[in-house]
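Asks: In the working numbering, the protein residues as written are 4 to 138.
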């Protein structure tokens, strides 16, 4: 359900949740790239500040992205569109977690990583010990 998704992405702020839902559905049902989201202010009675903060939050999360007119992939069009970066990142995270749980993975890799981490811890201690000696 989209309300659950919006609630997780923008928790605790009803105005931003409303704005996020409006942005999401306007971009979803648009025929092409939306050049400007300012019309949402009057169409859905959203304040400019809430709209801009929500747009920035959705862009940082990777749910929407701004396309520059210099991007040849879109033929000189510019504006906002739904992005797949968030979905791709979640998919990659899920694959990494599944690979980490796999007991058939290379034990040598795990041992090498532990040696590397242990070496970093020792170096960190020796650096701090050197600083103490200088004082």
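Don't be surprised by glycine CBs; every beta carbon is placed ideally from N, CA and C. Just so you know, these numbers come straight off a predicted model, no measurement behind them.
Which same chain residues, not among the five before or five after residue 25, have their C-beta less than 7 Å away from its C-beta?
Replies: 43, 47 and 49
Asks: Mapping DSSP to helix, strand and coil, what is residue 13?
Replies: In the three-state scheme derived from DSSP, where H, G and I count as helix and E and B as strand, residue 13 is classed as coil.
Asks: My assumption, with CB atoms under 8 Å, is that residue 36 sits in contact with residue 84. Please give the rounded CB distance.
Replies: Indeed, because the Cβ distance is near 5 Å, the residues count as touching under 8 Å.
Asks: Contact between the stretch 14-33 and the stretch 60-68 is defined here as three or more beta-carbon pairs at a separation below 8 Å; is this criterion met?
Replies: yes
Asks: Distance check for residue 62 and residue 93, CA to CA, integer angstroms please.
Replies: Spanning the two alpha carbons is a distance of roughly 15 Å.
Asks: Measure the C-alpha to C-alpha separation of residue 60 and residue 34 and round it to an integer number of angstroms.
Replies: 23 Å
Asks: By DSSP, does residue 26 sit in helix, in strand, or in coil?
Replies: helix
Asks: The alpha helix (DSSP H) with residue 37 in it runs from where to where?
Replies: First-last for residue 37: undefined, no H or E at that position.
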